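**Q** Residue numbers (the numbering used here): 679 to 1033.
Just so it is clear, CB atoms sit at the ideal spot from N, CA and C, and this is done for glycine as well.
Computed from a predicted model, the values in this text were never measured in an experiment.
Below is one structure. I have some questions about it.
And the structure:
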């Protein structure tokens, strides 16, 4: 009995540490969100932010906080959740720590679709605002084309996997190959574009959370949150896949269907995020690795942990992009790369383990 009780206590400590880590990251994200809404040309205190969120602030403060800054914070959180959980699932079902939207060609496909819409479909004219910001005149056409390009890259890889029976390792190689093709297509499209169209393409590839309105946020949330819930419901299947295909099959997991469905849904939420916000690198690659080092590869905790960490990283990156050289707003994709690349190298130098 004493041994049994000792094992139970060890398990409670084991699970408590994981839950506390996830809760800590979530609380940090909430605190950073409030702090982020205080930043800007119109100074707002944290207390005024909280009053605005509960409907007790004056009209000016409510307009600034609720209608301008809150949507940006929520967009960063939702996009961070989507990109991070997508990377987590891709790495899990392919058993490859380098799987992400970049290595599977999703981001490159989105960039090619956007470039094609700007040059060939007349969405490339731009206008400059008083703040020297470039605005694409037909953003919805560009968004739809980017989404089609991103999904096309995914479907190409999945079709090869389904009908040619390629291995998970080969799926990564196929994604890199298709990504190179889409990148080449983007370069060729730029070659035939005029100066304004090239500027539009470059501007679109700069990831920018500020593009999101309540409408875009609603669409991203409607896709990201149900898909994330689906991943949570399938957490035991992903735990089984960690032990290999043969073990998963012996436990009753339909390996092929689980892998294909998970890959498609992970690519779907990534495609939605990048089509609205542009290319945002490293969030989907680094966040799952950070969480794995702390709480391991148990998908009961890894999936919510990756969601929380992705939201925190992208929100922190967006906050930095707005404050480093304010009032100039830097592309958030550049900030995530600056933060993500050294962090990923540090993880490699410390010795990465999947478990």
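Which same chain residues end up closer than 6 Å to residue 968 when comparing Cβ atoms and leaving out the 5 residues on each side of it in sequence?
**A** By 1-based counting over the chain shown, the position of residue 968 is 290. The answer, listed in chain order, is 987.
**Q** Helix, strand or coil for residue 920, going by three-state DSSP, please let me know.
**A** Taking the first residue of the chain shown as position 1, residue 920 is located at position 242. Coil.
**Q** Using three-state DSSP, classify residue 723 as helix, strand or coil.
**A** Residue mapping note: residue 723 aligns to position 45 of the chain shown, counting from 1. Residue 723 falls in the coil class under three-state DSSP.
**Q** Decide if residue 694 is buried, meaning its Cβ has at least 16 other Cβ atoms within 10 Å, or exposed.
**A** By one-based count along the chain shown, residue 694 stands at place 16. Exposed, by the Cβ-count rule.
**Q** Closest by CA to residue 976, which one among 884, 920, 761?
**A** Counting from 1 along the chain shown, the entry for residue 976 is found at position 298. Among 884, 920, 761, the Cα nearest to that of residue 976 belongs to 920.
**Q** Please state if the CB of residue 759 and the CB of residue 906 are separated by a distance shorter than 9 Å.
**A** One-based indexing of the chain shown puts residue 906 at position 228. One-based indexing of the chain shown puts residue 759 at position 81. Yes. Within cutoff.
**Q** May I have the straight-line CA-CA distance separating residue 978 from residue 850, to the nearest angstrom?
**A** Position 300 of the chain shown, counted from the start, is the residue given in the question as residue 978. Position 172 of the chain shown, counted from the start, is the residue given in the question as residue 850. Cα to Cα, the separation comes out at about 25 Å.
**Q** Looking at residue 1011 and residue 958, is the spacing between their C-beta atoms short of 9 Å?
**A** The count along the chain shown starts at 1 and reaches residue 958 at position 280. The count along the chain shown starts at 1 and reaches residue 1011 at position 333. Taking 9 Å as the Cβ cut-off, residue 958 and residue 1011 qualify as a contacting pair.
**Q** Counting C-beta neighbours from all protein chains within 10 Å, is the total for residue 916 16 or more, i.e. buried, or is it exposed?
**A** Translated into the one-based positions of the chain shown, residue 916 becomes position 238. Its Cβ being crowded by 16 or more others within 10 Å, residue 916 is buried.
**Q** Please name the residue in 897, 718, 996 whose C-alpha comes closest to that of residue 887.
**A** The residue labelled residue 887 in the question sits at position 209 within the chain shown. Answer by Cα proximity: 996.
**Q** What are the start and end residues of the alpha helix (DSSP H) that includes residue 908?
**A** Along the chain shown, one-based indexing puts residue 908 at 230. Run containing residue 908: 892-911, per the alpha helix (DSSP H) assignment.
**Q** May I have a chain-ordered list of the beta strand (DSSP E) segments no shorter than 3 residues that lie completely inside the region 847-896?
**A** With a minimum length of 3 residues, no continuous beta strand (DSSP E) run stays inside the region 847-896.
**Q** When DSSP labels each residue in this structure, what does residue 780 get in the three-state scheme?
**A** As a working note, residue 780 is residue 102 in the chain shown. Residue 780: coil per DSSP, three-state reduction.
**Q** Among 731, 861, 847, 711, which has the Cα closest to the Cα of residue 773?
**A** Locating residue 773 in the chain shown gives position 95, where the first residue counts as 1. If we check each option's Cα against that of residue 773, 847 comes out closest.
**Q** Could you pull the start and end residues of the alpha helix (DSSP H) that residue 971 belongs to?
**A** Counting from 1 along the chain shown, the entry for residue 971 is found at position 293. Taken as a continuous stretch (DSSP letters only), the alpha helix (DSSP H) holding residue 971 covers 961-973.
**Q** Residue 945 and residue 844: beta carbons closer than 9 Å?
**A** Along the chain shown, one-based indexing puts residue 945 at 267. Along the chain shown, one-based indexing puts residue 844 at 166. Not closer than 9 Å, so no.
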